[in-house]
Each structure stands twice: as structure tokens, then as C-alpha cells.
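**Q** Handing you this structure, nothing more for now.
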Amino acid sequence: MKNIRLKDFPSFIRTTNPNVIMLDFAMTEAEKVHKASALILNTFDALEPEVLEALSTIFPTIYTIGPLQLHLNQIKEDDLKNYGSNLWKEESGCLEWLDSKEPNSVVYVNFGSVTVMTPQQLIEFAWGLANSKQTFLWIIRPDLVIGVSAILPPEFVSETKERSLLASWCPQEQVLNHRSVGGFLTHCGWNSTIESVCGGVPMLCWPIFAEQQTNCWFSGSHWGIGI
1 MKNIRLKDFP SFIRTTNPNV IMLDFAMTEA EKVHKASALI LNTFDALEPE VLEALSTIFP
61 TIYTIGPLQL HLNQIKEDDL KNYGSNLWKE ESGCLEWLDS KEPNSVVYVN FGSVTVMTPQ
121 QLIEFAWGLA NSKQTFLWII RPDLVIGVSA ILPPEFVSET KERSLLASWC PQEQVLNHRS
181 VGGFLTHCGW NSTIESVCGG VPMLCWPIFA EQQTNCWFSG SHWGIGI
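Residue numbering for the sequence shown follows UniProt numbering, beginning at 1 and increasing consecutively.
Put into C-alpha cells, the structure is as follows:
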């Protein structure tokens, strides 16, 4: 991981406070790894060769089985309906809306299933999208804003209603593989990152915590697929 900076490391392990609960959790889990007979990782060799090579000197048996999303193509659609890992109910109407848009014309905005922001940050993103003059699909979870409902300015809604769709959740894998999506404003969670890689969609990165800063660094400085 050449030229990586301290601020690019996962937030939980770069803390200077030894009493942080998540630091203790991360260290405990890292110690447990040494007891495993093998590691199974949702990645692939061509994406992280240096990291995997370094890990192989510590853990001889590593299975890279990713991207897991691509395995969905091997499962019948009827069988897929019996499974799901989303924390929120998907709005399938997003796909119909995307069908009406030109190729690579839509910015997809989703900050994941647990990331939260302040009301001020929500407003900043809203007017940033409005001022971009781009068509966008913005996923706004009911709990996206800390402590209050996510309320957007009426002026923003009025200005962007002809080129936007707001939804509470969506089938992200299908969205990122849709022909009309040309960019992804993301928190850089690993699932979102690798799904974007699979869909060939460039990313605008806004990492918040955990390993998201590291994923952002890889996307921008190493893989050249994000900024």
C-alpha cells in the first residue's frame, strides 16, 4: 500500500484513544483470524494483488471468491426472490425510471444502509446536485439524517423535479449495472465499492468511517476509478 497516508487508514484503528470500543473490537477480531484454517474474502486477485500477496505470507490458505455479485448471474431469478440481505425495502420503480433516461446520463447517489449525516450536510448535497444540472437518482433512507427526518428545501424539489428521482431504497446491483447510470456518489462501503467496480461505474467518494477511507484511497489513488 505505497504512499497511503494515516488519514486513509480505517477510522477505528487510527485513533489515538486506546479506550475506543471499536479499536478493541477490531484487535480482538484480528487475533481470532489466526485461529482460522483459511480466509474467505469477497475480492479478486486482480483487484488487490499486493494486499493478497502480503496476507498470504501470514495466512497460507486464502480463497478470493468475489465479486459475490457476479455469482447472482448463476442463480435462477425465481430462486433469488427467496433471498435478500437489504436492511430496507427496495423500490423497484427506480429501474423503470432509469429505463427512460439516456445512457450514462444519471448520477446515482446512495450513502449506504447505516451512514448518517447532519441536516446541514443533507442540504449541501442537495444544492450540489441541483447546481450540477445533472439528472440524478438519490436514495434517502428514513434515518439518513441524525435525529430528525430528512427534509429537503421546497425550492430544491421544485428546481430538480424534472431531472431527479428520490427513493428510500433500491436494488443497487441492478441500478449500478443499468445503462443510464454514469456516476456514483457513494460513502465507499466495501459492498458499494465492489458493486461499482462490477458495473464499471466511476465514483465520487465521500467516506465516513470504518474502512471507507481506505476504500476511497484505493479507488482514487490506486485503481483510478474514483475521486
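By construction, the Cβ of each residue, glycine as well, lies at the ideal position given by its N, Cα and C atoms.
Remember, predicted model here, so these are calculated numbers, not experimental data.
Helix or strand or just coil, what does DSSP make of Ile123?
**A** Counting from one through the sequence shown, the residue named residue 123 turns up at place 123. If DSSP states are grouped into helix, strand and coil, Ile123 belongs with the helices.
**Q** Can you tell me which of Thr115, Glu91, Ala150, Asp143 puts its alpha carbon nearest to the alpha carbon of Val175?
**A** The sequence position of residue 175 within the sequence shown is 175, counting from 1. Residue Glu91 is the option with its Cα nearest to Val175.
**Q** Rounded to a whole number of angstroms, what is the C-alpha to C-alpha distance between Thr16 and Gly200?
**A** Taking the sequence shown and counting its residues from 1, the one referred to as residue 16 is at position 16. Taking the sequence shown and counting its residues from 1, the one referred to as residue 200 is at position 200. Approximately 37 Å between the Cα atoms of the pair.
**Q** Using only alpha-carbon positions, find the residue among Ser37, Ala36, Phe12 that is nearest to Phe25.
**A** In the sequence shown, residue 25 corresponds to position 25, counting from 1. Nearest option by C-alpha distance: Phe12.
**Q** What span of residues does the beta strand (DSSP E) with Val107 cover, start to end?
**A** Against the sequence shown, residue 107 aligns to sequence position 107. It spans 106 to 110 - the beta strand (DSSP E) in which Val107 sits, taken as one unbroken run.
**Q** Would you say the stretch 169 to 186 touches the stretch 90 to 110, given that touching needs at least three Cβ pairs under 8 Å?
**A** Touching, yes.
**Q** On a Cα-Cα basis, can you pick out the residue from Ser158, Pro49, Lys7, Trp223 that is closest to Pro207?
**A** In the sequence shown, the residue the question calls residue 207 occupies position 207. Checking every option, the nearest Cα to that of Pro207 belongs to Lys7.
**Q** For Asn215, does the count of other Cβ atoms within 10 angstroms reach 16, so buried, or fall short, so exposed?
**A** By 1-based counting over the sequence shown, the position of residue 215 is 215. Asn215 is buried by the Cβ-count criterion.
**Q** Using C-beta distances below 6 Å, list every residue in its chain close to Trp138, excluding the 5 sequence neighbours before and after it, in chain order.
**A** Here the question's residue 138 lines up with position 138 in the sequence shown. Only Val109, Leu166 meet the Cβ criterion.
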